[in-house]
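Working notes, beginning with the structure itself.
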Amino acid sequence: MDNPNSFLALPKLEVLIDRTPLIVTPDTSIVDAIALMSQTQGSSCVLIVREANLIGIFTERDALKAVASQIDLRMAIAQVMTSSLITQVLEREQTIFTVLSTLQQHKISHLPILNETGNLIGLVTPTRLLQAIAIADVPEATIQECSAELSHLNAQIKQEIKKHRQTESEIADFIENAVVPLHWVAEDSTIIWANQAELDLLGYTKEEYIGQPIAKFHVDSEILSDILQRLATHQPVKGYEARLRCKDGSIRHALIDSNTFWKDGKFIHTRCFTRDISERKQAEESLRESEQKFRAIFDGTFQFIGLLTTEGIVIEANLTALNSIGAKRSEIIGRPFWETPWWTHSPQLQEQLKKGIIRAAAGELVRFEAEHFLVDGTSIFVDFSLKPVFDEAGKVVMLIPEGRDISERQAALRERKQAEIVFKKTLKSLEFQKSALDRAAIVAITDRYGVITYVNEQFCQISQYSKEELLGKPIESLIQAIILSNFFKIFGQRSRVVRFGKARLKIAPKMAVFIGSRRPLFHF
C-alpha cells in the first residue's frame, strides 16, 4: 500500500467550493428560479438567502415536482423550497472525502458550505468532486485504494449528470410550452425570445415577433418606458398593467411581471411574464357600468334606502337618507345602524330596531312606523321596513332597510279625523236646530230663488196645504193667501216677523213686507 500521505495530493475542500452559486430571495417566483437555472450552464439548484442567511435550497428535482403538481409557478419559492438543510462548516485540512462522506450519508447532491459564523461561503456538488479527482496528481496506488469509494462516486455522478440533462430538457420544454406567456428582451429593447403562449396570445409567428422592438407591441409608450427604466436599474416589475397590440389590431390588457438577468454586472436580458386580463377588464368595465346604474337608481330615489350586514352594520346608504340628517357616507358606513342619527333621538326606537334586525337576519320581513328628525329639526313619519336578502343556498346575507315618508298621509289622516269630529258636531247642531225648528210655530225654508224646499208640520196646518203641495212652489205665490186667510187669525193686529229661508217677512196691520225691501209685498 502506498504511503497514506499520498492523500495529500487531493485538493482541499476550499478549492472545490463554487463561490458564486445561484442565489435568490425568498419572494422570487418559482418560474423565475427555474428560468435562472436553465440559463446558467451547469447549475442544478438555487440557494435561498434572506439577509445573508441561508434559509433553503431549490433543486432541479424540486422544479420537476412543482411542474408535475401543476401548482401556480408564480408563487414565492419560499413556499416550496427545502428548508431542512444539510450543510458543511469549512474547517482547515478538510479533503474531498469529508464532503463525500456527508453526501453519501445524507444521499444529497448539493452541499452548502458555511463559515464558522454560519454565513454562506458557496456550494459543493459531486460534479466538482469528480473534476477535482480527475485533475489531481494522485498516485495510482492511492486511487486503487480508493477505487471502491471512487467507483461508487463515479456511478453516482454519472447518474446525476443523466438526471441533470433530462431535467434540463424537461425544463426547457416546460418553459417553451408553458401556458404562461413568456419573453425575453435585450438591453436594446429588442425581443430575443418568446414562448408559444406569448405568440398565441398576440397572434404573431416567431418570425414576426422575435427580433422586433418591444415598443412595436405596446400601446402606451410611457408605460413601456417606465417598465424598461425599472428593469435597467435593478427594480423588479410586479403586476404592472399594460395594453398590448395584437396582430389583428385588437388590444389585450395584460399584467407584466418582469426582472432582469444580470451576469457579472452586465444586463443580459429581461425575463417577462405576461398575464392576460382582458376578460377581467371587460368584466370590471361591465361591473363598473352596473355600479354606475345602481348608484344612479340608488341615490336617485326619494325613498330612504341602505344596506346592512346581518349584524346591523351599515354597508351603504343612499343620498336621500344621508342628506336627511346632513351626514357623509364615511361618517355612517361601518357603524351599527341603531347608533346613527336616524335613531339616536329615541332609545325606544333603538331597541325596536335591534329586535327588528335580529328578526330580519332570521329571514323575517320587519315593518313598523317611526318618527325621525331631519337636519333642520323638523320631524317626519316614516313607514320603515327591513327586508332580508338571501343567497342561492337560502342563507340571509344582508338586510335592506327602507323608509318611505308618510308625513303627508299622516297629516291627511289627522285632518280627516278632525273633519269627522267637526262634522259630527255640526250634524249634532243641525239636528238640534231642526228639532227646535220643528217645535216652532211655523217654519219654511226656501232656496235663493224663493222656491220652498222645507216646511214643518205647523206651517202645513196653518196654511192648510200638504207638504207635497208646498214643496217646490214659489213662496211669494202662497204668501197672500196664507196671510189673508190664516195669519191674522193667529197674530191679530200685532206686528210680527216671520222667517222664510234667508228672507224675513214682517207682518204688520194691513201690510206684509220682506225685510230689506222698501216695497210692500202686498196691502190689504
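Residue numbering for the sequence shown follows my numbering, starting at 1401 and increasing by one per position. Ideal placement from N, C-alpha and C gives every residue a C-beta, glycine not left out. Just so we're clear, the structure is a prediction, and the values are computed from it rather than from any experiment.
| query | result |
| --- | --- |
| Whether I1705 touches P1736 by CB criterion (9 Å) | no |
| Which of helix, strand or coil DSSP assigns to K1728 | coil |
| 9 Å Cβ cutoff met for I1614 and I1591 | yes |
| Contained alpha helix (DSSP H) runs [length at least 4] in the segment 1573-1655, N- to C-terminal order | 1596-1602, 1606-1609 and 1621-1632 |
| Cβ-based burial, P1747 [other Cβ within 10 Å; buried from 16] | exposed |
| Extent of the continuous beta strand (DSSP E) to which K1787 belongs | S1779 to F1790 |
| Cβ shell of L1722 (< 8 Å), same chain only, five flanking positions each side left out | K1728, R1729 and I1732 |
| C-alpha gap between A1793 and A1760, whole angstroms | 17 Å |
| Through-space distance from P1788 to A1586, alpha-carbon basis | 59 Å |
| Heavy atom of the ligand SAH within 8 Å of E1685 beta-carbon | The ligand SAH is not part of this structure, which contains no ligands at all. |
| Q1488 - DSSP class collapsed to helix/strand/coil | strand |
| Distance between L1707 and M1798 (C-alpha atoms, nearest Å) | 7 Å |
| Length of the line joining the Cα atoms of G1756 and V1766 | 6 Å |
| Beta-bridge partners of I1448, as assigned by DSSP | V1424 and G1456 |
| DSSP-derived helix/strand/coil call for K1902 | Only weak support exists for where K1902 lies, its pLDDT of 46 falling under 50; the coordinates are left without a value. |
| Whole-number beta carbon distance between R1461 and P1426, since they are thought to touch under 8 Å | Between R1461 and P1426 the Cβ distance is about 20 Å, and since that is not below 8 Å, they are no contact. |
| Presumed contact (8 Å Cβ cut-off) between I1457 and H1506, rounded CB distance | The pair is not a contact, with the Cβ atoms about 12 Å apart (cut-off 8 Å). |
| For E1876 and L1813, the rounded distance between their alpha carbons | 47 Å |
| Extent of the continuous alpha helix (DSSP H) run through G1706 | Per DSSP, G1706 belongs to no alpha helix (DSSP H); it is in the beta strand (DSSP E), F1704 to L1708. |
| Y1604 to K1647 span [Cα, whole Å] | 6 Å |
| Alpha carbon of H1583 to alpha carbon of A1597, nearest angstrom | 10 Å |
| Sequence-distant residues of its chain with Cβ nearer than 8 Å to M1437 (five each side left out) | L1422, S1443, S1444, C1445, V1446, E1460, A1463 and I1571 |
| Contact under 9 Å by Cβ, L1490 with V1431 | no |
| Opposing strand residues paired with N1659 [DSSP bridges] | R1671 |
| Residues bridged to H1772 (per DSSP) | I1780 |
| Straight-line Cα distance separating W1662 from I1697 | 56 Å |
| Exposure of I1651, with buried meaning 16 or more beta-carbon neighbours within 10 Å | exposed |
| Counted within 10 angstroms of its Cβ, other Cβ atoms place F1781 as buried (16 or more) or exposed | buried |
| Endpoints, the beta strand (DSSP E) within which A1478 is located | Taken as a continuous stretch (DSSP letters only), A1478 belongs to no beta strand (DSSP E), as it is neither H nor E. |
| Terminal residues of the beta strand (DSSP E) in which L1523 lies | L1520 to V1524 |
| Pairwise C-alpha distance: L1631 and V1637 | 7 Å |
| Cβ distance (whole Å) where K1412 is taken to contact Q1494 below 8 Å | 6 Å |
| Selected residue, minimal CA-CA separation from D1805, among Q1752, T1701 and E1716 | T1701 |
| Inter-residue spacing [alpha-carbon to alpha-carbon] between V1926 and P1512 | Any answer about residue 1926 is impossible in this case: the structure gives the chain only from 1401 up to 1924. |
| Status (buried if at least 16 other CB within 10 Å, exposed otherwise) for F1790 | exposed |
| Run of the beta strand (DSSP E) containing V1843, from where it starts to where it stops | Looking at the DSSP string, V1843 is not in any beta strand (DSSP E), and its letter there is neither H nor E. |
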